[in-house]
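Under UniProt numbering, read the sequence shown as residues 1 to 429, first letter to last. Taking it in order: structure first as structure tokens, then the write-up.
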Amino acid sequence: MNKTDCMAVLPTGYGKSLPYQMYSLVNRRLTSDKEIVLVCCPLVSLMQDQVEKMSKIPGVKSAYAGSCPQSDIEIKEGKVDIIYASPETLVGDPEWRASIQNLPVSVLVIDEFHTIATWGDDSESQGKETFRKWFNDVGELRSLYPRSSVLALSATCTIKIRKRVMKVLHLADNFKEIVISPNKTNIRISVAKVSNTVETAMHWLIEGLSELKEKFPRTIIYCTSIKDVSEIYSYVTKELPFTSTLLEMFHSETPQTKKQRILESLTNITGEIKIVIATSALGMGLDVKNCHSVVLFGPPVQIVDLLQEIGRVGRDGGPSVAIILYNCYHLRKLSSDVKEILKSTDCRRISLMQCFLKPEAIALLKENESRKHTCCDLCKTKCKCQNCSMLPLEEIYYHSSVSVNQKDSDISDSDTEEYFSNDENLELS
Numbered sequence: 001m002n003k004t005d006c007m008a009v010l011p012t013g014y015g016k017s018l019p020y021q022m023y024s025l026v027n028r029r030l031t032s033d034k035e036i037v038l039v040c041c042p043l044v045s046l047m048q049d050q051v052e053k054m055s056k057i058p059g060v061k062s063a064y065a066g067s068c069p070q071s072d073i074e075i076k077e078g079k080v081d082i083i084y085a086s087p088e089t090l091v092g093d094p095e096w097r098a099s100i101q102n103l104p105v106s107v108l109v110i111d112e113f114h115t116i117a118t119w120g121d122d123s124e125s126q127g128k129e130t131f132r133k134w135f136n137d138v139g140e141l142r143s144l145y146p147r148s149s150v151l152a153l154s155a156t157c158t159i160k161i162r163k164r165v166m167k168v169l170h171l172a173d174n175f176k177e178i179v180i181s182p183n184k185t186n187i188r189i190s191v192a193k194v195s196n197t198v199e200t201a202m203h204w205l206i207e208g209l210s211e212l213k214e215k216f217p218r219t220i221i222y223c224t225s226i227k228d229v230s231e232i233y234s235y236v237t238k239e240l241p242f243t244s245t246l247l248e249m250f251h252s253e254t255p256q257t258k259k260q261r262i263l264e265s266l267t268n269i270t271g272e273i274k275i276v277i278a279t280s281a282l283g284m285g286l287d288v289k290n291c292h293s294v295v296l297f298g299p300p301v302q303i304v305d306l307l308q309e310i311g312r313v314g315r316d317g318g319p320s321v322a323i324i325l326y327n328c329y330h331l332r333k334l335s336s337d338v339k340e341i342l343k344s345t346d347c348r349r350i351s352l353m354q355c356f357l358k359p360e361a362i363a364l365l366k367e368n369e370s371r372k373h374t375c376c377d378l379c380k381t382k383c384k385c386q387n388c389s390m391l392p393l394e395e396i397y398y399h400s401s402v403s404v405n406q407k408d409s410d411i412s413d414s415d416t417e418e419y420f421s422n423d424e425n426l427e428l429s
């Protein structure tokens, strides 16, 4: 309300959308002037979700650009209080830009602002086309609405990314920064090196499903490619045909109707789908119910994505686990931050959080969380509470015949040592 720029990093479920949503209602009581909130949002699914939620609040009209011709007309005529649109629309589409540049926008919201760096940064593209180049230019919106204040929101953002986004958005010197720790203490982090072959690496899944069937704990298995998703899915359904109703794939090429069915099942506590094998397409804004297990078959390249995938589970605060599985091929393109977590011999959580928290917060974390069996696989070996236990997915994985046989050979694997010791030769993307 005081026109101060603000950057807020707030965990999922913290209600970070409320400030700008409430602004329209509060501002209307304070002034008779028409003022609009413009939200730059990366995903259509997020925009749809927000507009649907806002439709239940009387007195505030919201819409997203491109949803339908009538909504687009109302947006351009200034009849919408909260406008949602993508960077491609707001910055990259000259016609849209010209049609809305004279609207009385008082608050400019950049939702999921970390995508400016993770999707729009071309500094490491190595000649390749940037994934979504207009994200890097959203700062231009300030020139369209010089009197508006900026509210930058994200649930996950490193210190390095925050500094970069501050420059891109031209935040005022007196901007307010609010950062809540993204550390989710209810999620234990475990890491294991696996075979290069899917059949060997994922045989534990076959064993677990054979024994538990529909009682298998709800689990998300993230892969770094559609190829890996398809291979794991084909392997499991071929070995265990009965799993076709318990297991699904989710990636960018999955038909929309199937995506919707999977999402409806995942957001329903009693949904019949037990395992979803997915790429990062199963991502932002997802609130999975009754899910306390996630497996990363190959960690993502960037640490922000790693933290987000880990955080897809345990939304209810219940004890949860994230198991990161990797082989020597997965290591080729990893950022140094992600490799540090895999290499860690002390505490995985500390290695992860060092990119997100300042030194004083890390010191407090070491004091309160490290060395507890609920922290990570490394801390569990040093825990002295004598009450250590495994969660269901850990029982399935670590007690499987394949994982037991691989355990002793993983750490000393020569391929892994070679990749870790030659970081400067690894391609980063």
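Even for Gly, the Cβ is constructed at its ideal location relative to N, Cα and C. Nothing here was measured: the structure is a model prediction, and the numbers come from that model.
### Query
Cβ atoms of Ile180 and Leu364: under 8 Å apart, would you say?
no
### Message
Quick check: what's the CA-CA separation for Cys328 versus Glu231?
### Response
18 Å
### Query
Can you tell which of Gly283, Asp346, Met202, Lys215 has the C-alpha that lies nearest to the C-alpha of Ile323?
Met202
### Cβ distance (whole Å) where Leu247 is taken to contact Ile226 below 8 Å
Their Cβ separation, rounded to whole angstroms, is 16 Å, which puts Leu247 and Ile226 out of contact at 8 Å.
### Message
I need the boundaries of the beta strand (DSSP E) containing Val150, first residue and last residue.
### Response
149-154
### Message
Please tell me whether Asp5 and Val150 are closer than 8 Å, where the distance is taken between their beta carbons.
### Response
yes
### Query
Quick one: Cα of Leu240 to Cα of Tyr398, how far?
21 Å
### Message
Can you check which of these residues, Ser244, Cys291, Lys133, Glu340, is closest to Gly266 by C-alpha distance?
### Response
Just to set this straight, residue 266 is Leu in the shown sequence, not Gly. Selected option, being the one with the closest Cα: Cys291.
### Query
Relative to the C-alpha of Lys61, which residue among Glu95, Glu74, Gly283, Cys68 is closest?
Glu74
#### Entry: Three-pair Cβ contact test at 8 Å for the stretch 385-398 versus the stretch 44-55
no
### From Lys176, Lys366, Leu38, residue whose alpha carbon lies closest to that of Leu144
Leu38
### Neighbourhood of residue 431 by C-beta, 6 Å cutoff - its chain only, sequence neighbours within 5 removed
The question about residue 431 has no answer, for the chain in this structure spans 1 to 429.
### Task
Note the first and the last residue of the continuous alpha helix (DSSP H) segment covering Ser265.
256-266
### Task
Mark residue 434 as exposed unless 16 or more other C-beta atoms lie within 10 angstroms of its C-beta, in which case mark it buried.
No information on residue 434 is available, as it lies outside the stretch 1 to 429 that the chain covers here.
### Task
Please report the Cβ distance between Val165 and Ile116, rounded to the nearest whole angstrom; I am assuming they are in contact, meaning their Cβ atoms lie under 8 Å.
5 Å
#### Entry: Classification of Leu171 by the beta-carbon crowding that lies within 10 angstroms, buried from 16 upward
buried
### Whole-number beta carbon distance between Val91 and Leu141, since they are thought to touch under 8 Å
7 Å
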